[in-house]
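Each remark here refers to the structure printed beneath this line.
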Amino acid sequence: MKMSRILRFTWILFLIAAISRVAYSQPAPAADENIPFLVTFGANSKTAWGDDDFCQIFFCFVPASQKAPFYIRVYDPDTGGEHDEAKGDFNTSVSFSIYGGKGAFSDTAAQSIHLKGNFKTGYLLASKSFGADARYDMKWYTFGPFNPSEGEYSELLGGRVLKVIAQGVSGDDGNLYRYFLSSSPTENIPLEGGNFFTYKYHFRLSDDQKHVSQIYPYVDDKTISIEISNFDWDNDGIVRIFSVAKNGLKGAVSGEDNWSVSRFPIVAEEKNSTVEIQFIKNQTQQIKRNNVVIAVRNQYGIALPFFVVPIGGVPVYSPKIRMK
Amino acid sequence: MFNRDLYKSNPPQAYFRLTLLILAFFLISVKSLSQDYNLRHFNADDGLPQPFIYTVSQDFKGYLWIGTGDGLARFNGFEFENFTTADSLAGNFITCSVTTSDRMWFGHMNGRLTSYDGKKFKPLILSGNVQGPVTAMAVSPDGTVWAGTHSEGIFSVNFNGVVEHFPVPGVIIKSIGIIARNELLLGTDDGLVHCVLKNGSLALQEISGSPREKIAVIKKKLTGDFLIACEEGIYEVAVGEKFHFPKIVTFTQEMSGIQDILQDQKNNLWVCTFGAGLVRFSPSNGKYQQSVYFNKEHGGISDNCKFIFEDREGCLWAGHFGEGLTQLTPKTFFVSPPGRNVLSLWFNRQYKWLGTDSGLVKTDREGTKTFVQYKDKGVPADKISALYSPDGKELWIGTGSHGVYRLDIKTDRVQSHISGDDILSNSINTITGKGDEVWIGTKKGLCNISVKSGDVNWYSLNKGGLPHNYVNAIFVDSRNRVWVGTRSSVLAVIQNRKVNKINLNSGNGSFELSAIAEDASSRIWAGSLGKGVFMIDKSDSIANLTSKEGLFSDYCYSIVSDKSNVWVGHKGGLTKITWEFSVKPVGPMDDKVAFQFNANAVLKDSGLVWFGTDKGLLLYNPAGENLKSSAPVLNITAVKINDELVDFTKEIVLPSGNYRIRIDYLGVSLKNPSMVTYQYKLDGYEHWSEITKSTSTNYKSLSEGTYTFMLTASDGDGAETTPPLSLTIKIKKPLRKHWWFFPVLILIVGFLVFGYVKRREYKFLEEKRKLEKKVIERTAEIETQKAEIETQRDFIKERNFQITASIKYARHIQNAILPQNDLIYGLFPNHFLLCKPKDIVSGDFFWIAEKGSRVIFTVADCTGHGVPGAFMSLLGINLLNEIVNIHNITKPPIIVTRLRERIIESLQQSRSDSIMSDGMDMTLCAFDRKTRELEITGAKQDLLLIRGNMREVIKADRFAVNVEYDTYKEFTSQTIKVESGDVIYLFTDGFKDQFGGVQDRKFMSRRFYQTLQLIHHLSMEQQKIELEKKLLAWMGDNEQTDDITVLGIKF
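Protein chains in written order, with numbering that gives the first Met the number 0: chain A, 0 to 323; chain B, 0 to 1050.
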């Protein structure tokens, strides 16, 4: 390779590094999950398109050590353009609202799988609705700055929590987007110790059949069984469960516009750890633009949170060797 | 930017250049904030509880209050004091604040309020249902506080603290504006709402035409209309029957929303944004034009500005979101690019002409571009000490040694050159003029040139009478008088070509005058080198201000007046003198640079004042000064009495005594806290103190009295607090110093004494009563005893009588046993016998018996006297009768021995008897009438013989007639031949042992013998009488000591 080409290549890399930083963590979906986008459809959409309630609630965790302002960035917040799913012309408005203060997290209405009651509890810190707007298509929009004190303090989590609600206001298109918890308004700089989590994941599966996606619900010490519910999977592949004690148990996969439920017992080794739920695409038939919803509940019917950065790391199966 | 050819030929070099360019692109071009404002930044390191600022306000004591997400801070100009829920705040997260006439109110994230009355915080719960934050607050003209919440509507708190709730369902309140007492504007998430309070309920009305977006801020203008801030623009709201919403500002920059707006005293509009920082819009032709950014891109601290506040002194406070607080104080001084030593200056609209020490230059108005160097045009590269233009067309140029040049301003050509005869007259210090007249000050005098006629007149020491030839300064005043300052302390005034002189030197020493100016009141100001400035008013009174009065320095190089001040240039700084003679030194304009203000290098230009300094041009912009002067707000911060803090908010009254008192105080000035000075006094006791910067004072010993401590403060601009702050301390007088003390004391003492006496009297009477009672009792007792005693006495008397009668009878018996007088007379006719018993009966006895020719006779003294002695005497007599008369023993020693034996036998005495054995002392004689021999045996009783006139004592044996335990001795005898006339005396010891005489002593043997010797010649009867007389005389009042028996026999 000629020296000039080497120099050119090095220089380009330098420029890219100087100008921006690639998001390695604290995005939602996380890179590890291999989920391309989150999805929220307009209020007038059909559930069969893969969104059961046109509302996605994420929680943003900021550790107590955070003293500087932080930002919640949304990638491609508008409904229109390359990534979003048009149903006819783009006519959808989706609002993004961020709540803090008392009740933002502790009020459990927002943690349930089937939203009931007032889940918009807390103090509305910021809100913006996006229709089809080229200014924000495939670009980052920044909410904030936010004061860590504006989040609701959770002693359990050891930090403060803000609630991010993406809700379809009108229209019937699908808005595909991503989040990033950043310490900078203009760049995706991960917040040290920060995390996103949700109790019900609305997302777009990868179109690539080779891709395997995974999510990481956290199982606490009170869980003795989990119930994995998925919606409108369109029979696109299989769902498998991995943990320190489970090595790829299969779960039921829903069809179109319906829910399917699988239950799995939780053994002692699995308590207080993360379970991995893998989604392996249908290898025989390529299904594209498949939007799905998934949730996990414990034996009490209480939803378990999915952390984009798995608590305790990705689980590794530890087989029990029996001696005859 | 990118050279493809270079790339092809030399790629590394091309890429290097490109990289540099891109790096240059990324380098933020810093637009310095210090251009217009002095900035002072505060963060958590400086004491703020948190760098997220939500609200800033100022209380009536001048303190600045900063609400953050984690506590409330109070700033006094020097330091922060933080408060939390531990200090009774309703919450640590403060979202908004307002100030009423008597207190401050804070809203919290938890939906509660806190009020502060200057002493304590008091939390207030609006309603138990309020969960969300208090989002906005406002105060209506009647003092009612309105608090808007996130989703629970709006609350009012009236003057008495009564809370009323007005629910506004479905509305998120973001801001509140007060139109009138019962009329509000509410800024919501979806536009503006008009509210009218009527009959206890709030009627809401949407306002047509209002922007349908979030109204984050509502601020009332001085005109009464409002400004509202929406997402990306600011509207004016004209309130009337119909609302109008002209948009006055549109933001085109990228930002996340307007957070706050402020219209300052100077009508600038300040806008706080997230993303674009703080932006200032200045009014221009009725519109606002964006003029200054305060954000990171332009050298600011933060891109996220949350709140803006203007304090009472005109300083701005920008609260950042995560970056603390910034104080912005308008600059009044600006420095032009450095480099030149500017000795003189003149401007027109397009250009500046600057005289330096190496020639004249012409630059653009900004001073950045030099157009002409006149050394190339005929003006020498000399010190250009003076520039003057009489008409704007021609410039007169004074040089250091080459005289004066006249320059055509339009063509930049030198028109003419005026020179003197010598170097001194060519050394130009100053040029000025008026109309046709030009005045040139040289080192050799003053030159006056008439431009039109060309006439030249010189004034010097010798010509015209200038005080000195070296002319430093010239000034033509509004009355066309020419004032001349020279190298002397005499100020010259030329009027009608006549020089008048004013001597400014009132004391010793000399100085020179360096600069002259006239103020708007036609007062003349003359600066000197060494004596400060002199002011001469219209009545020709002269005042002198020096460094003692606050002048920066006594050496003044330039002087100029603007509309309201006089500016004096020194080395290192300026002095500002106001019309009221407030003197304020202005230190270095730049922290790192000290300016030397050059003589006479001043120019007024369109309201600005330019100074020529050794570091370049310095611009003073009066617009930077505060429109209104605000004296510091005085506060007493602590009072300690004898080192203990006291509550000084209440009246201080102390008991009498001596006290150490310390008073801490602070004049709050946020603009320039370190320039605040104080004066204080104890009214009536001392004068005002020296001006001091100390914030405390001590009084070491105050005693009784009422003390009013008075305090005044001035800020850096000389604004003084009026009236002075006062604090009264009363120390009570000691009781003794009250007029009523002694009368009361006397009364009290009197009462006490009276009481004491009365009590004593009472006690005495009581005692007396008791005693009397006792006496009565005792008397009764005694009476009883007396009766008893009398009874006993009578009994004893009776018994005594009986006993005495018995004893008297016993005497009869004794006498009967004793030999009768007839017997004694028969045997011894010349004798006397003196017998005087002590009691009735006697222990002494006399016995005589005749046995043939022998007469045996004795005088004996038995043991004891009275009855026991009488018994012994009876025994003795009986035994003698037995021994002599019955047993016919006539030898005295045998008789006495036999007598002893018989006594022992009779009394049953043995050797075991007591030492005091009973018996007798005796003298027993046997007289043989035939032989005339007298045989004498004495048992402890001597015999006295007087023969002739001589006496002889016949000594007896030294043992008595009784039992002897130690030895048994035989009695002896002595025989004497009696002669006629011899007298012998036998006697017991009664007479010798009788007490009496002057010295109450015993009669003693010697005196007894002498007495007998003296009377022996008398008849026996007479001797007895004499002895009795002697005895009585000796005894006196004494009782008879013992029985007395004396037998005298004369042969």
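The beta carbon of each residue, even a glycine, is placed where N, CA and C say it ideally should be.
Whole-angstrom distance between residue j and residue i, CA atom to CA atom
i        : j        : result
A:His288 : A:Tyr176 : According to the sequence displayed, residue 288 of chain A carries Arg and not His. Going by the C-alpha atoms only, they are around 14 angstroms apart.
A:Lys45  : A:Gly170 : 11 angstroms
A:Tyr23  : B:Ile52  : Per-residue confidence for A:Tyr23 stands at a pLDDT of 34, beneath the threshold of 50, marking its modelled position as unreliable; the derived number appears in the next sentence. If you take the alpha carbons of A:Tyr23 and B:Ile52, they lie about 32 angstroms apart.
A:Leu303 : B:Tyr62  : 51 angstroms
B:Gly464 : B:Ser560 : 29 angstroms
A:Asp256 : B:Tyr115 : 60 angstroms
B:Lys219 : B:Ile172 : 17 angstroms
A:Tyr135 : B:His319 : 27 angstroms
B:Ile903 : B:Asn961 : 7 angstroms
Residues bridged to residue i (per DSSP)
i        : result
B:Cys834 : B:Thr1044
A:Glu149 : For A:Glu149, which the question treats as bridged, DSSP gives no partner whatsoever.
B:Val195 : B:Glu182 and B:Ala202
A:Val73  : A:Tyr140 and A:Tyr178
B:Glu579 : Bridge partners of B:Glu579: none, in fact.
B:Asn81  : B:Ala72
B:Met254 : DSSP output for B:Met254 lists no bridge partner at all.
B:Gly318 : B:Phe306 and B:Leu324
B:Tyr292 : B:Val278
Residue-level contact to chain B via CB, residue i, 8 angstroms cutoff
i        : result
A:Leu248 : no
A:Glu186 : no
A:Glu154 : no
A:Asn117 : no
A:Ser148 : yes
A:Ala67  : yes
A:Tyr23  : Reliability of the predicted coordinates at A:Tyr23 is poor, the pLDDT of 34 falling under 50, and the value obtained from them is presented with this limitation in mind. It does not: the Cβ of A:Tyr23 has no partner Cβ on chain B nearer than 8 angstroms.
A:Pro144 : yes
A:Tyr198 : no
A:Leu204 : no
A:Tyr299 : no
A:Leu161 : no
Within-8 angstroms CB hit, residue i to chain A
i        : result
B:Pro210 : no
B:His297 : no
B:Phe105 : no
B:Pro166 : no
B:Ile408 : no
B:Gly321 : yes
B:Asp69  : yes
B:Gln130 : yes
B:Gly274 : yes
B:His149 : yes
B:Asn42  : no
Where residue i meets chain D, residues with beta-carbon distance less than 7 angstroms
i        : result
B:Met108 : As a matter of chain content, chain D is missing from the structure shown, whose protein chains are A and B.
Residue i CB to nearest heavy atom of the ligand PLP below 7 angstroms
i       : result
B:Arg39 : This structure does not include the ligand PLP; it has no bound ligands of any sort.
Beta-carbon proximity list for residue i, same chain, < 8 angstroms, skipping 5 on both sides
i        : result
B:Asp956 : Thr936, Gly937, Ala938, Lys939, Lys968, Phe970 and Thr971
Close beta carbons around residue i, own chain, < 7 angstroms, minus the five adjacent residues each side
i        : result
B:Leu602 : Leu344, Trp345, Phe346 and Trp609
Spatial neighbours of residue i in its chain, beta-carbon cut-off 6 angstroms, leaving aside the 5 residues before and after
i        : result
B:Glu322 : Pro50, Ile300 and Ser301
B:Thr857 : Trp846, Met921 and Leu923
Exercise for the section: Kindly confirm or deny that the stretch 107 to 119 of chain B and the stretch 127 to 140 of chain B touch, where touching means at least three C-beta pairs closer than 8 angstroms. Expected result: yes
Handout entry: Cβ contact (3+ pairs, closer than 8 angstroms) linking the stretch 201 to 217 of chain B and the stretch 225 to 241 of chain B
Key = yes
Exercise for the section: Say whether the stretch 549 to 559 of chain B touches the stretch 572 to 583 of chain B, bearing in mind that this needs 3 or more beta-carbon pairs closer than 8 angstroms, one atom from each stretch. Expected result: yes
Problem - Three-pair Cβ contact test at 8 angstroms for the stretch 802 to 809 of chain B versus the stretch 772 to 779 of chain B - result: no
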